[in-house]
Amino acid sequence: APSAPSAPSATTPAAPAKNLSPAVRKLVDDNNLDAWLIAATGKDGRITKGDVLAAMEAGTAVHRAAAAPASAAPQKPAAPANLPPRPEDPREERVRMSKLRKIISGRLKEAQNTAAMLTTWNEVDMGAAMDLRVTYKEAFEKKHGVRLGFMSFFVRAACIALKEWPALNAEIYGDEQIYKNYYNIGVAVGTPQGLVVPVLKDADAMRFAEIEGSIADFGRRARDGKLTMDEMSGGTFTVTNGGVFGSLNSMPILNVPQSAILGMHKIQKRPVAIDDQVVIRPMMYLAMSYDHRIVDGREAVSFLVRVKDLIEDPQRIMLDV
18 APSAPSAPSA TTPAAPAKNL SPAVRKLVDD NNLDAWLIAA TGKDGRITKG
68 DVLAAMEAGT AVHRAAAAPA SAAPQKPAAP ANLPPRPEDP REERVRMSKL
118 RKIISGRLKE AQNTAAMLTT WNEVDMGAAM DLRVTYKEAF EKKHGVRLGF
168 MSFFVRAACI ALKEWPALNA EIYGDEQIYK NYYNIGVAVG TPQGLVVPVL
218 KDADAMRFAE IEGSIADFGR RARDGKLTMD EMSGGTFTVT NGGVFGSLNS
268 MPILNVPQSA ILGMHKIQKR PVAIDDQVVI RPMMYLAMSY DHRIVDGREA
318 VSFLVRVKDL IEDPQRIMLD V
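Residues 18 to 338 (the numbering used here) are what the sequence shown spells out, left to right.
This is the structure:
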């Protein structure tokens, strides 16, 4: 009778030895992590201890699966168990998923699998914010060297509203609810490689110029692949803007373990009723997805209404009232 295969090892290889120092390899092995999916910032593509710790803190570290039996011959990666092998077609191009794309897909699926995700919508009249921007955009850019956009309005408005509705700046950790008394706002940035979310640390203490300057810098370096793990970790709430791509409305997916995400969209002139008169106004749909396990509907709707009110009367953002 054929001999039984040798027992599988506890973990799969983490990464080529040349990319890991002994201390980093021990940290990876002790936590059973897949080093192939940890973004490296060290010289010559080496993974540093800081890279591993940042990935663990950000929740982007992926645990390794059990290895195949040692006696098994290397095999071509199989199709998912629920899919039959796909025949080759010369008119199709097959591209293996990048590490970043694997992380993105895993995180999005994790959000849908773990959170009780719900979305609430509203719409905001952007007229007052647009007028303010037109009035001061030249002076703002001349003084600060950066353009005045609408993201800074929404980041500041979100910080004010989060202080009033703290469940949206929280997370579930085991059987505990963690309420965060700091406001690190993630700003979703699209790149050719995929979506990344750099974080504005302590955004509630940042001036408009600091917010706009940081966002512009994040965007440039994200497209060049030069963001650090520290810059993409520690977020407590996320703002995303599908409007830059022309989206009128959407249902954003949570950036776990955060409890909420705010979606901005394209500004479009639409007829609305004001004082029993139909007028044309520059309107934007707002969408906010939240984890219903920790955020009640009243809190979510009230938060979004508060953001809407602040944007429609932007002087209140400056005065924090």
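Just so it is clear, CB atoms sit at the ideal spot from N, CA and C, and this is done for glycine as well.
Give every residue of the same chain whose Cβ lies closer than 7 angstroms to the Cβ of residue i, excluding the five residues on either side of it in the sequence, and list them in chain order.
i, result
"THR58", "THR65, ASP68, THR245 and MET246"
"LEU321", "THR137, ASN139, LEU303 and MET305"
"PRO269", "THR257, ILE278, GLY280, ALA304 and SER306"
"ARG238", "LEU244"
"ALA145", "GLU329, ASP330 and PRO331"
"GLU181", "ARG323"
"LEU125", "ILE270"
"ASP148", "none"
"VAL45", "ALA31, LEU37, ALA52 and VAL69"
"THR131", "VAL273"
"ALA174", "VAL324, LEU327, ILE328 and ILE334"
"VAL312", "ALA184, LEU185, SER276 and ALA277"
Just to confirm my understanding: we take residue i, look at its own chain, exclude 5 residues before and 5 after, and list those with CB closer than 8 angstroms. What are they?
i, result
"LEU295", "With the sequence shown as reference, residue 295 is identified as Val, and Leu is not the correct amino acid for it. Result list for VAL295: PRO288 and VAL289, in chain order."
"GLU229", "HIS161, VAL163, ARG164, LEU165, GLY166, MET168 and SER169"
"GLY236", "VAL206"
Could you tell me the distance, in whole angstroms, from the CA atom of residue i to the CA atom of residue j?
i, j, result
"PHE167", "GLU105", "47 angstroms"
"ALA95", "LEU50", "At ALA95, the pLDDT of 49 sits below 50, so the modelled position is not reliable; the number obtained from the coordinates is stated separately. Distance between the alpha carbons of ALA95 and LEU50 is about 22 angstroms."
"VAL273", "ALA128", "6 angstroms"
"ALA184", "THR136", "15 angstroms"
"GLN275", "VAL318", "17 angstroms"
"LEU179", "ASN186", "6 angstroms"
"ILE232", "PHE262", "17 angstroms"
"LYS243", "ILE55", "15 angstroms"
"ASP234", "PRO102", "44 angstroms"
"PRO107", "LEU117", "27 angstroms"
"ARG333", "VAL324", "11 angstroms"
"ASN48", "TYR190", "18 angstroms"
"LEU217", "PHE171", "13 angstroms"
"ARG310", "GLU193", "12 angstroms"
"ARG42", "ARG224", "41 angstroms"
"ASN99", "GLU248", "37 angstroms"
"GLY260", "MET335", "24 angstroms"
"LEU37", "SER115", "20 angstroms"
"ALA133", "GLU158", "42 angstroms"
"ASN266", "VAL141", "13 angstroms"
"GLU188", "ASP292", "41 angstroms"
"ARG111", "ILE121", "19 angstroms"
"LYS286", "PHE254", "29 angstroms"
"GLU109", "SER264", "28 angstroms"
"VAL204", "ALA40", "33 angstroms"
"GLY252", "ARG113", "29 angstroms"
"PRO343", "ASP308", "This structure cannot speak to residue 343, because the chain is shown only from 18 to 338."
"ALA156", "HIS282", "26 angstroms"
"GLY314", "ILE297", "31 angstroms"
"ALA361", "ASN198", "The displayed coordinates of the chain run from 18 to 338. Any statement about residue 361 would go beyond what the structure contains."
Taking 6 angstroms as the limit between beta carbons, can you name the residues of its chain near residue i, skipping five residues before and five after?
i, result
"ARG240", "THR208"
"VAL143", "Note that residue 143 is Met in the sequence shown, not Val. Excluding sequence neighbours, MET143 sits near ILE284, PRO299 and MET301."
"ALA34", "Bear in mind that a pLDDT of 43 at ALA34, under 50, signals an unreliable position, so the number given afterwards is only what the model happens to contain. Nothing meets the Cβ criterion."
"ALA220", "VAL172, CYS176, TYR200 and ILE202"
"ALA226", "HIS161"
"GLU316", "TRP182 and ALA184"
"VAL338", "none"
"TYR196", "PRO183 and ALA187"
"ALA27", "In this predicted model, ALA27 has a pLDDT of only 38, less than 50, meaning its place in the structure is not dependable enough to derive any value."
Tell me, please, which residues DSSP counts as bridged to residue i.
i, result
"ILE278", "THR255 and SER306"
"VAL324", "DSSP, once it has assigned bridges, lists no residue as partnering VAL324."
"GLN294", "ILE291"
"LEU135", "TYR307"
"GLN285", "MET300"
"VAL45", "VAL45 pairs with nothing; no bridge assigned."
"GLU140", "TYR302"
Does any residue of chain D have a CB that is nearer than 8 angstroms to the CB of residue i?
i, result
"LEU271", "Checking the listed chains, one finds no chain D in this structure; it contains a single protein chain."
>> Could you tell me which whole alpha helix (DSSP H) segments of length 4 or greater appear in the region 189 to 253?
In response: 225 to 240
>> List, from N- to C-terminal side, the beta strand (DSSP E) runs of 3 residues or more that fit wholly inside the region 166 to 192.
In response: 187 to 190
> Does the pairing of the region 210 to 218 with the region 150 to 161 give three or more beta-carbon distances under 8 angstroms?
Replying inline: no
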